[in-house]
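What follows is a single structure, written as structure tokens, with notes after it.
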Amino acid sequence: MMKNALSLIFLLIILFHYKANAQNSTIKGTVADSSLQAPLENAVVVLLQAKDSFIIASTRAGKEGAFSFQQLADTASYVLYFSYPKYASYSHRVNMKDAAGKTMALNNVYLIPKSKLLKEVIVKSQVATIRINGDTTEYNAGSFKVQPNASVEELLRQLPGLQVDQFGNITAQGQKVKKVLVDGEEFFSDDPTLVTRNLRADMIDKVQVYDKKSDAATFTGIEDGVKDKTINLKVKEDKNHGVFGKIDAGVGTDERYSAQAMINFFKGKRRMSAYATTGNIGRAGLGSADRGKVGSDDEGNGNYSGKGLPTITSGGFHYDSKWAADKTSFNGNYKFYLQDVVGSETTTSQNNLPSGVILSNTNSHFENNSTDHKLNAKYIYKYDSTATFTVYTDGTRYRNESSNNSTSQNRRGDSSLIYDNQKSSANKYDFNTYNINLSWEKRLKKKGRTISIYWNNNFSNDATNGESVSNSTFYNDKDHVDSTSLLHLRRKMNDDWRLLHFNVIYTAPLSKRWSMMVNYELDNESSHDDKRSYNLQDIKVIDTAFSSKINTTSWGNQGGLTLNYAAKKIILKVGNNVKFVQLNTESVYSAVKVNKQFVNLNPNLNFDYKFSNYQSLNFSYNGSDNNPGRSQLLPFNFDNSQLTTLLMNTDLKNSFTNDFSARFNAAKIAAQVYYGITAGYTLVNDPITQAITVDPAGAYTYQYVNMNGYANRNYHINTYYSKKIRLIDLQAGLGLGLNGGKSFSPINGVVNQLNYNTYTLTTELFKSRPRQYSFYLMGSGGYTRNTSSLQPDSKNNYFFYALNPSVDIYFLKKFQFHTDVDYQWQQKTQTFNDNFKRTIWNAWIGHSFLSKDQLMIKISCNDILNQNNGYARTATNTFFSENIYTTIRRYFMIGATWNFTKFNSIKQ
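Written out as structure tokens, the structure reads:
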């Protein structure tokens with residue numbers, strides 16, 4: 077299938093090339109000042125199709141102001157758009173049918189200086205709302221009307237090509253947005269929703285969407301394949317001086333409560349912000365953790381997973397400033413997080429073995445208390461236009477206290493008992509980590525020649541003090557008690573690690589289009605793991621079967637060469653890194669020493685072809701040697717239990733990963749059409765896999781092994797298409813996807829082959845009219861197929877679909893009604909006896925007060941149908957599980973939100 081997909085992509089390239097060669101007409105002319113009639117060198121000239129404003133090409137005028145576009149259609153109509161700093165922009169329509177001898181000569185195109193304009197010039201065109209500057213799409217925020225006190229998120233919903241779901245996830249031109257910056261700076265963190273849900277829409281002047289490169293690629297000018305879809309919010313000058321913020325509080329049934337506040341002080345290039353939250357409705361902060369209310373925080377801060385009933389308090393402080401003509405800048409953040417969670421869960425699982433099936437059922441009750449403090453700071457000093465020095469540091473202090481009580485029962489496929497187990501544990505865990513990174517970047521005299529040095533250090537340690545009791549009863553094949561076993565341990569752990577990474581990069585031009593990058597990296601890791609278990613029958617004696625004391629040191633030396641070719645439409649990068657690794661590890665209690673040397677190869681290739689600013693093709697390949705880790709060579713006995721044993725394997729060797737990916741994206745900004753396809757194929761040769769052995773009593777033994785001669789593979793193909801249906805003013809999107817693969821793993825000495833595929837169809841609909849209504853629908857459905865060679869008759873294939881509509885209606889001037897639904901359905905399988913379906917319906921109604929609607933009182937209901945029964949299914953290799961857990965369910969709440977602002981007038 078991958079072969080067919082790649083063939084289709086290359087066929088598209090050929091077709092585009094053929095189409096370009098079949099066009100023979102030319103447009104040429106010169107751009108000049110209307111008063112002095114002097115040529116305007118480097119004036120931007122953009123060529124668009126007249127029928128849909130699709131960008132064909134762009135160029136800059138030469139020294140004499142000359143420009144030209146060649147190989148154009150003989151009968152098409154085009155629009156030429158001209159711009160130059162401090163001059164009024166100008167557009168001109170041409171029809172190639174009128175060209176003499178297939179050449180349209182425009183002679184002189186005069187641009188008028190803005191200083192000479194005596195009257196306002198109004199150009200009614202799409203360019204007034206959306207401007208194009210290279211790879212950046214810039215939206216004029218003032219052209220889109222939003223509700224009073226609206227957040228940036230509500231503004232983004234209206235921008236062509238951007239979609240925002242009910243969780244705040246942003247998609248731009250078919251790609252997920254990973255960062256939202258404020259005037260080019262990070263704000264608190266890289267969580268986009270913390271910015272978009274807490275800054276006001278009326279503060280924003282421009283919204284810029286672009287692919288953010290890595291710091292090294294931005295500095296050296298040589299692509300390294302790192303591109304994150306990013307939004308930059310440019311704040312209005314008159315909104316950059318003042319105080320603004322929001323306070324939100326509410327109380328509800330079942331003793332539910334929530335309160336949060338944020339205040340911001342902006343003064344030019346200095347910003348200070350602070351926030352605080354507390355509540356028991358699942359909000360883990362001001363950003364994406366609002367998803368915790370519906371039991372899903374997989375892409376949020378990771379603090380509240382949705383399991384259990386939480387009480388959460390959090391807060392933070394942000395400061396950033398620039399001074400000395402922007403040569404010096406500082407950005408700092410502090411956040412704290414306190415959480416208490418209590419809950420219970422039930423897990424049902426099936427493990428497919430060569431000898432049959434093991435069915436397991438576990439019930440547990442858990443309590444967790446955690447505190448988390450994070451601090452980071454970044455200082456940048458620019459000596460001049462050629463040299464920059466940067467210091468970045470961050471630290472984390474984390475503490476967790478937990479307890480768990482569980483009972484489990486394991487049966488064979490014929491329902492006969494294997495064993496029962498009762499387990500209880502209490503644990504205190506502390507973790508501290510500190511990073512300090514230094515960098516120096518220098519542009520040398522010759523253009524394109526640079527040198528940069530990066531020095532990164534990490535210091536970490538953790539400690540544990542806990543106790544566990546495990547009591548098991550084993551049965552024979554006649555369901556009679558065969559034996560019992562009791563294990564009572566006190567556990568203590570004190571570990572520390574140190575990581576050092578040093579990197580030097582040198583770039584130099586080889587010709588007009590060719591350049592090279594040479595790099596050297598030094599890595600050093602030192603770790604001391606001291607994990608001790610004491611059998612409470614004799615507290616002074618270490619039980620080495622459940623203890624580990626391992627010392628590890630590793631050194632890595634890597635050198636690499638990359639060649640980069642850059643033309644107007646093509647960027648090609650090809651290179652290879654060679655790394656020599658020396659690993660020394662010693663297990664004190666096992667009296668085992670391991671000394672290993674590895675030679676790693678990391679070839680890479682990246683090809684970009686840009687048909688236009690909004691139509692591009694990318695293909696990349698990355699190969700990498702994967703070294704076995706210390707915990708794979710010498711697993712920690714500390715992780716053993718009464719029914720689990722980890723075995724060492726000092727003979728592990730490298731595996732090798734081949735990763736292929738291709739991407740085609742296209743956008744027609746004026747017509748608001750976006751489409752593309754992404755494909756990937758990953759092949760892992762001789763993979764390092766965990767071999768599993770299960771004895772008749774249900775005890776598990778694990779060991780990492782090389783699957784020599786085998787290859788795990790994974791592939792995906794995803795397409796998307798989004799279009800604005802102008803007749804009904806509706807933005808509609810459609811996507812198709814295939815994700816699948818094949819993996820191998822030994823179970824009881826027999827290799828199991830798992831084939832898995834998931835086929836998906838997604839759709840999006842969005843329609844909005846400011847001050848009247850807003851409607852958004854996201855839907856997805858598909859089919860998952862799993863086959864196991866050990867249990868070919870086991871049927872665990874299923875259909876699934878999900879619907880997520882949300883509606884806002886504004887009425888009677890001051891009222892707003894909101895409702896959203898999360899509907900999930902999953903078909904039953906041979907392992908799971910019932911279809912799973914769940915409807916989470918939320919709604920609220922509010923009334924605005926005060927002259928500018930700064931205050932809103934609202935009544936809300938979470939989970940109106942009371943169906944939020946926490947649920948998750950897992951299917952990996954030969955193991956399938958179903959997890960049902962306690963989570964937040966229906967409650968009613970009355971609350972108030974106050975938006976306050978005080979911006980200072982500034983002299984123009």
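Residues 77 to 984 (the numbering used here) are what the sequence shown spells out, left to right.
A virtual CB, placed ideally from N, CA and C, is assigned to each residue, including glycine.
Exercise for the section: Within 10 angstroms of the Cβ of Met-969, are there 16 or more other Cβ atoms? Answer buried if so, exposed if not. Expected result: buried
Practice task
Check the DSSP bridge columns for Asn-698 and list the partner residues they point to.
Solution key: Asn-680, Asp-735
Exercise for the section: Check the C-beta distance from Asn-640 over to Ser-692 and give it rounded, since I have them as a contact under 8 Å. Expected result: Their Cβ separation, rounded to whole angstroms, is 17 Å, which puts Asn-640 and Ser-692 out of contact at 8 Å.
Handout entry: Same chain only: Cβ atoms within 6 Å of His-923, ignoring 5 sequence neighbours per side
Key = Same-chain partners within the cutoff: Lys-890, Phe-891, Ile-933.
Exercise for the section: With DSSP as the reference, please indicate the residues paired to Phe-687 in a beta bridge. Expected result: Its beta-bridge partners do not exist; DSSP assigns none.
Problem - Assumed close pair Tyr-160, Leu-116 - CB separation to whole angstroms, cut-off 8 Å - result: 5 Å
Practice task
Identify which residue in Thr-836, Asn-862, Asn-824 has its Cα closest to the Cα of Leu-830.
Solution key: The shortest Cα separation from Leu-830 among Thr-836, Asn-862, Asn-824 belongs to Asn-862.
Practice task
Identify whether Pro-846 lies in helix, strand or coil by the three-state DSSP scheme.
Solution key: Reduced to three states, the DSSP call for Pro-846 is coil.
Practice task
Would you be able to state if there are at least three C-beta pairs under 8 Å between the segment 732–742 and the segment 754–763?
Solution key: yes
Practice task
Might you give, ordered along the chain, the residues of its own chain that have their beta carbon closer than 8 Å to the beta carbon of Ala-919, omitting 5 neighbours on each side?
Solution key: For Ala-919, where only same-chain residues beyond five positions count, the Cβ hits under 8 Å are Phe-893, His-894, Thr-895, Asp-896, Ser-936, Cys-937, Ile-940.
Practice task
Please report how far the alpha carbon of Pro-189 lies from the alpha carbon of Asn-790, in whole angstroms.
Solution key: 58 Å
Exercise for the section: Determine the closest residue to Phe-158 out of Asn-356, Tyr-877, Tyr-186, with distance taken between C-alpha atoms. Expected result: The option with the nearest alpha carbon to Phe-158 is Tyr-186.
Handout entry: Pick from Leu-429, Thr-509, Ser-500, Tyr-495 that is closest to His-449, judged by C-alpha positions
Key = For the residues Leu-429, Thr-509, Ser-500, Tyr-495, the minimum Cα distance to His-449 belongs to Thr-509.
Handout entry: Length of the line joining the Cα atoms of Phe-887 and Val-760
Key = For Phe-887 and Val-760, the distance between alpha carbons rounds to 58 Å.
Problem - For Asn-824 and Val-770, believed in contact at Cβ under 8 Å, the rounded distance - result: 6 Å
Practice task
Could you name the residues of the same chain whose beta carbon sits closer than 6 Å to that of Val-650, not counting the 5 residues immediately before and after it, in chain order?
Solution key: Leu-639, Leu-681
Exercise for the section: Confirm, please, whether the CB-CB distance from Val-121 to Leu-156 is below 8 Å. Expected result: yes
Exercise for the section: Measure the C-alpha to C-alpha separation of Arg-629 and Asn-671 and round it to an integer number of angstroms. Expected result: It should be noted that the sequence gives Thr, not Arg, for residue 629. Looking at the two C-alpha atoms, the distance is approximately 10 Å.
Exercise for the section: Could you tell me which residues DSSP pairs with Glu-597 in its beta bridges? Expected result: Asn-579, Gln-634
Exercise for the section: Just mark Thr-950 as buried or exposed, buried being the case when its beta carbon has 16 or more other beta carbons within 10 Å. Expected result: exposed
Practice task
Could you tell me the distance, in whole angstroms, from the CA atom of Arg-347 to the CA atom of Tyr-395?
Solution key: 6 Å
Exercise for the section: Verify whether the separation of the beta carbon atoms of Gln-485 and Phe-956 is less than 8 Å. Expected result: no
Practice task
Could you say if the segment 457–468 and the segment 855–869 meet the contact criterion of at least three C-beta pairs nearer than 8 Å?
Solution key: By the Cβ rule, the segment 457–468 does not count as touching the segment 855–869, because fewer than three pairs are nearer than 8 Å.
Problem - Runs of beta strand (DSSP E) lying entirely within the segment 777–856, each at least 3 residues, in chain order - result: You should have 787–801, 806–823, 826–845.
Handout entry: Assigned secondary structure, Val-228 (DSSP; H/G/I helix, E/B strand, else coil)
Key = helix
Problem - Close beta carbons around Ala-584, own chain, < 7 Å, minus the five adjacent residues each side - result: Gly-524, Arg-525, Ser-591, Met-592
Practice task
Closer than 6 Å by C-beta to His-792: which residues in its own chain qualify, once you throw out the five before and the five after it? Chain order, please.
Solution key: Gly-756, Asn-815
Problem - Euclidean distance between Cα positions of Tyr-796 and Ala-539 - result: 48 Å
Problem - Every unbroken beta strand (DSSP E) inside the segment 386–436 [3 residues or more] - result: 404–429
Problem - Rounded C-alpha distance that separates Glu-477 from Asn-541 - result: 10 Å
Problem - Limits of the unbroken alpha helix (DSSP H) element including Thr-269 - result: 268–272
Practice task
Identify which residue in Tyr-459, Ser-602, Lys-499 has its Cα closest to the Cα of Trp-516.
Solution key: Tyr-459
Handout entry: Chain-order list of residues whose beta-carbon lies under 7 Å from that of Lys-178 (same chain, five-residue window excluded)
Key = Asn-100, Ser-101, Thr-102, Asp-150
Problem - Of the listed residues Arg-567, Lys-904, Leu-866, Thr-839, nearest to Leu-853 (C-alpha basis) - result: Thr-839
Exercise for the section: For Gln-748, name the three-state secondary structure that DSSP assigns. Expected result: Annotated three-state conformation of Gln-748 is coil, per DSSP.
Handout entry: Residues that Lys-521 bridges to, as DSSP identifies them
Key = Answer is none; Lys-521 lacks a bridge partner.
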